[in-house]
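Report on the following structure.
Residue numbers (full-length UniProt numbering): 1 to 441.
What follows is the structure, given as structure tokens:
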């Protein structure tokens with residue numbers, strides 16, 4: 001069964017069809033490959049059942065053709081395939097050389113007329129005589145001169161890859177063909193459009209727009225920033241990190257931290273049941289009951305955020321355990337994970353961008369805990385980040401970074417980075433990307 005890509009036939013009885021099959025009848029895949037050729041007085045058409053031009057419906061459905069015998073009234077049913085017939089225009093792909101190169105032989109319908117050279121048949125080259133030996137059903141021809149040029153003017157290697165190449169070769173061929181279409185036209189149009197925009201707006205304004213776009217892309221993963229704040233605590237408001245309902249839900253799980261004893265504290269340090277930042281801050285809980293409870297809630301949520309960032313794929317409904325309030329689990333899943341489709345199901349994934357977002361919220365919460373100055377190196381080690389990564393996030397948060405000594409006993413306690421939130425805020429800049437490596441003498 002055939003369909004024509006460029007319209008409908010007015011006189012189908014005037015068409016002649018020829019089907020070619022692959023010579024390799026033993027190969028499980030190649031033996032089913034067919035090329036259907038049709039010729040009219042004006043155009044030639046070619047259809048394939050393999051490669052990028054083959055119709056996908058043939059692998060999804062089965063098609064049948066019924067032939068009715070008018071005399072007996074009985075119908076015989078045959079298996080069928082649908083071919084999408086595409087016209088061959090001047091300068092297009094040469095189907096004759098494809099058949100020649102792919103070593104196909106005719107099937108079902110013989111080629112009528114010996115005057116036409118059957119370029120679809122198996123060909124061999126005689127390097128000594130500079131000729132091609134073509135074997136066909138009607139005999140043997142030696143193709144010389146213009147016939148050889150006509151046969152070989154198409155890209156034989158591309159056609160070989162399309163018919164018999166590996167998946168990697170076919171992907172590379174498809175990409176090359178897509179990239180080759182209209183390169184000059186696209187390049188000219190882009191150059192002209194860019195020149196018009198530059199003339200209309202100016203280089204300075206365009207640079208400012210690009211910088212603003214970079215800033216907006218970064219801000220998508222940061223807590224809401226109030227640049228017009230008159231106090232540091234109003235730049236990243238506590239309510240934007242924890243809502244009143246979420247803060248109230250932390251009262252029960254944080255009570256154990258608020259009432260921790262020296263013995264329990266020593267045990268937790270030994271077991272490392274919390275991150276280094278939380279363990280260090282638990283040593284300096286306020287004596288005032290209200291302030292102590294507030295800091296304990298913040299530390300519990302910060303510790304939960306850091307532990308949550310270490311996960312990869314969230315498979316459980318409550319990944320942080322039963323002691324985590326439902327409203328907090330819902331917040332973590334909604335705000336700090338991205339949806340992905342894998343193995344037939346939708347899963348929550350902590351991607352690199354989501355981990356950067358968690359880091360930004362951890363830093364903002366640590367600023368509220370430590371009077372808007374925090375040790376970035378401790379948080380970097382807790383979250384298992386590189387120094388350049390956490391510094392980029394800190395600068396995106398408009399922090400001023402300085403060097404300082406860390407708490408004795410911690411890793412690299414002589415070379416820590418301190419992040420400070422102070423007014424006026426420094427100008428926000430996009431991350432510079434990969435830093436240049438220092439040359440070694």
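Even for Gly, the Cβ is constructed at its ideal location relative to N, Cα and C.
Computed from a predicted structure; not experimentally measured.
Looking only at C-alpha atoms, which of the options sits nearest to residue i?
i           : options               : result
residue 56  : 75, 84 and 342        : 84
residue 165 : 29, 379 and 10        : 29
residue 326 : 226, 195 and 246      : 246
residue 403 : 397, 416 and 396      : 416
residue 377 : 167, 354, 386 and 370 : 386
residue 426 : 401, 418 and 405      : 401
residue 254 : 285, 354 and 68       : 285
residue 453 : 359, 44 and 68        : Examination of residue 453 is not possible in this model, given that the chain is present from 1 through 441 alone.
residue 305 : 266, 241, 288 and 271 : 241
residue 52  : 167, 294 and 371      : 167
residue 44  : 77, 4 and 268         : 4
residue 443 : 290, 49, 24 and 25    : Lying outside 1 to 441, the shown extent of the chain, residue 443 is not represented and no answer is given.
residue 340 : 354, 178 and 160      : 354
residue 249 : 237, 300 and 342      : 300
residue 397 : 334, 32, 78 and 220   : 220
residue 19  : 73, 266 and 46        : 46
residue 424 : 289, 229, 260 and 323 : 229
residue 332 : 323, 343, 319 and 342 : 319
residue 16  : 36, 54 and 374        : 36
residue 24  : 252, 163, 159 and 334 : 163
residue 330 : 78, 266, 283 and 243  : 243
residue 86  : 352, 8 and 189        : 8
residue 256 : 224, 222, 295 and 71  : 295
residue 260 : 157, 283, 172 and 13  : 283
At which residues does the beta strand (DSSP E) containing residue i begin and terminate?
i           : result
residue 44  : 44 to 48
residue 87  : 83 to 88
residue 2   : 2 to 4
residue 416 : 416 to 420
residue 39  : 34 to 39
residue 18  : 16 to 22
residue 80  : 75 to 80
When you compare the CB of residue i with every CB in chain C, is at least one pair closer than 8 Å?
i           : result
residue 249 : In the displayed structure, chain C is absent; only one protein chain is listed.
Between residue i and residue j, is the Cβ-Cβ spacing less than 8 Å?
i           : j           : result
residue 451 : residue 39  : Limits of the chain in this structure are 1 at one end and 441 at the other, which puts residue 451 out of reach.
residue 231 : residue 258 : no
residue 336 : residue 307 : no
residue 379 : residue 277 : yes
residue 463 : residue 362 : This structure leaves residue 463 out entirely; the chain is present only between 1 and 441.
residue 365 : residue 275 : no
residue 1   : residue 67  : no
residue 281 : residue 369 : yes
residue 372 : residue 227 : no
residue 236 : residue 391 : no
residue 22  : residue 31  : yes
residue 273 : residue 383 : no
residue 268 : residue 279 : yes
Return the first residue and the last residue of the alpha helix (DSSP H) that residue i is part of.
i           : result
residue 349 : Run containing residue 349: none in the alpha helix (DSSP H); it sits in the beta strand (DSSP E), 345 to 349.
residue 68  : Not the alpha helix (DSSP H): residue 68 falls in the beta strand (DSSP E), residues 63 to 68.
residue 252 : 251 to 258
residue 58  : 57 to 60
residue 308 : 289 to 309
residue 396 : 387 to 396
residue 263 : 262 to 271
residue 278 : 276 to 281
residue 240 : 238 to 241
What does DSSP give as the partner residue(s) for residue i in the beta ladder?
i           : result
residue 339 : 348
residue 374 : 419
residue 404 : 416
residue 314 : 348
Would you check if the segment 304 to 315 and the segment 343 to 353 touch, i.e. whether three or more CB-CB distances between them fall below 8 Å? The segment 343 to 353 and the segment 304 to 315 touch, with no fewer than 3 CB-CB distances between them shorter than 8 Å.
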